[in-house]
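S.K.: Counting from 0, one number per residue, gives the positions in the sequence shown under numbering that gives the first Met the number 0. Idealized CB from N, CA, C, for every residue including glycine.
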Amino acid sequence: MIRQRLSPQGPEVSRLVLGTWRLLDDPSTRTPSGVLALIKNALDCGITTVDTAEIYGRYEVESLLGDALRRDPGVRAKLEVVTKCGIYVPCAAAPERRTAHYNATATQIVASAEQSLQRLGVETLDLLLVHRPDWLTAHEETARGLNSLLASGKIRAAGVSNYLASQFEALSAFMDQPLVTNQVEFSPFCITPIHDGTFDQAQQRHFSPMAWSPLGGGRLFDPADAAGVRLQTAMRALAGNYGGATPDALAHAWVLAHPARPVSILGTNKPERVVSSARADSITLAREDWYALWEAAQGKSIP
Ligand SMILES: NC(=O)c1ccc[n+]([C@@H]2O[C@H](COP(=O)([O-])OP(=O)(O)OC[C@H]3O[C@@H](n4cnc5c(N)ncnc54)[C@H](OP(=O)(O)O)[C@@H]3O)[C@@H](O)[C@H]2O)c1
0 MIRQRLSPQG
10 PEVSRLVLGT
20 WRLLDDPSTR
30 TPSGVLALIK
40 NALDCGITTV
50 DTAEIYGRYE
60 VESLLGDALR
70 RDPGVRAKLE
80 VVTKCGIYVP
90 CAAAPERRTA
100 HYNATATQIV
110 ASAEQSLQRL
120 GVETLDLLLV
130 HRPDWLTAHE
140 ETARGLNSLL
150 ASGKIRAAGV
160 SNYLASQFEA
170 LSAFMDQPLV
180 TNQVEFSPFC
190 ITPIHDGTFD
200 QAQQRHFSPM
210 AWSPLGGGRL
220 FDPADAAGVR
230 LQTAMRALAG
240 NYGGATPDAL
250 AHAWVLAHPA
260 RPVSILGTNK
270 PERVVSSARA
280 DSITLAREDW
290 YALWEAAQGK
300 SIP
């Protein structure tokens with residue numbers, strides 16, 4: 000598996016990343032042993048980077064991951080752990096919360112990171128992302144929280160998720176170290192970051208974006224989704240050119256092909272689908288095939 004730095008001073012990661020948003024959706028990954036098996040399988044494929052967030056599973060996924068890692072401390076040493084903070088929703092664990100809200104104040108960021116460290120059972124977070132821009136917090140204030148975590152060594156690197164390029168610039172102005180990534184939705188179904196300046200900024204500032212929902216959150220395999228059916232049909236027609244690659248591998252290869260050098264975050268809980276997706280690492284899509292897949296997903300021709 001090709002490895003890359005997210006930015007010149009940022010962490011080195013595998014360019015396919017194991018996502019954990021949906022772990023609780025599946026009985027096989029609701030237990031620490033199931034999660035450990037999924038992670039070990041990913042490691043066997045060269046996938047060393049795990050993406051999570053405090054809010055996943057209504058604040059339960061980080062603890063599940065932590066329980067899995069405690070079962071085999073050697074595994075933690077082989078991983079880069081990425082987590083996110085800043086989204087707070089009413090739930091059983093926080094009955095005092097009345098309304099879902101964002102909070103990227105310095106106090107909240109520091110408190111959340113410390114709780115993530117405890118839940119995950121690790122001493123340092125390899126990368127902490129602000130999950131969404133908080134419209135009520137000044138960028139200088141958010142930077143103060145991230146800078147203090149960097150200075151204390153509780154996080155090795157800081158980044159953001161779902162930020163506009165302008166918000167990334169504004170926050171960057173107050174950072175002691177460069178932000179190392181912006182995690183955004185990107186797939187043949189969603190090409191917003193190509194149009195809204197996110198991927199231009201990534202190239203200009205030399206950071207790799209992290210792409211979430213690379214299979215459109217499963218749309219690629221949904222027989223009721225017309226765009227998904229078109230895309231899967233186009234992929235199956237091209238598979239012979241790529242050694243019989245499966246649609247999931249071709250979708251990840253499509254993401255990896257962009258010159259902003261995104262890394263692609265897997266959303267599957269199935270070890271065998273991690274294996275098939277990992278084949279993306281050795282696929283270089285031909286230019287015309289990349290555009291053909293875009294046309295299939297979008298249902299229109301390149302202008
Ligand atoms: N920063 C953010 O705001 C944000 C937002 C969303 C997600 N994320 C991150 O990105 C990761 C990936 O996002 P995602 O889960 O939406 O990714 P995705 O890969 O686009 O979608 C995953 C879904 O596709 C299904 N799937 C995958 N391969 C399949 C196959 N061969 N056949 C049938 N179904 C298949 C999975 O089900 P199975 O498990 O059954 O395979 C799962 O339900 C998340 O885990 C999370 O870490 C970040």
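Spell out the partners DSSP gives S160 in its beta bridges.
M.R.: DSSP lists Q182 as partners of S160.
S.K.: With a CB to CB cut of under 6 Å and the five nearest residues on each side skipped, what residues in its chain are close to S171?
M.R.: Same-chain partners within the cutoff: L178.
S.K.: If you measure between the beta carbons of Y55 and A92, is that distance less than 7 Å?
M.R.: No, the Cβ-Cβ distance between Y55 and A92 is not below 7 Å.
S.K.: How about S212: is its Cβ closer than 6 Å to a heavy atom in ligand 1?
M.R.: Yes; taking the cut-off as 6 Å, the Cβ of S212 has a heavy atom of ligand 1 nearer than that.
S.K.: Indicate whether C90 and V274 have their beta-carbon atoms separated by less than 7 Å.
M.R.: Not in contact: C90 and V274 (Cβ atoms no closer than 7 Å).
S.K.: Going by CA-CA distance only, name the one from E11, D224, T19, S186 that's closest to N268.
M.R.: For N268, the nearest C-alpha among the options comes from T19.
S.K.: Report buried or exposed for N240, applying the criterion of at least 16 other Cβ atoms within 10 angstroms of its Cβ.
M.R.: Exposed: under 16 other Cβ atoms inside 10 Å.
S.K.: Would H205 pass as a contact of S6 if the rule is Cβ separation under 7 Å?
M.R.: Result yes, Cβ atoms of H205 and S6 sit closer than 7 Å.
S.K.: I'd like the list of long-range same chain contacts for R229, defined as Cβ closer than 8 Å, with 5 residues on each side in sequence excluded.
M.R.: A295, A296, G298.
S.K.: May I ask you to report which of helix, strand or coil DSSP gives G18?
M.R.: In the structure shown, G18 sits in a strand (DSSP, three-state: E or B).
S.K.: Is DSSP giving H100 helix, strand or coil here?
M.R.: Reduced to three states, the DSSP call for H100 is strand.
S.K.: With 16 as the cutoff for other CB atoms within 10 Å, does S300 come out buried or exposed?
M.R.: By the 10 Å Cβ count, S300 comes out exposed.
S.K.: When you compare only the Cα positions, how much space is there between G144 and G85?
M.R.: Roughly 12 Å between the two C-alpha positions.
S.K.: Can L78 and V60 be called in contact, C-beta distance under 7 Å?
M.R.: Their beta carbons are not under 7 Å apart, which means L78 does not touch V60 by this criterion.
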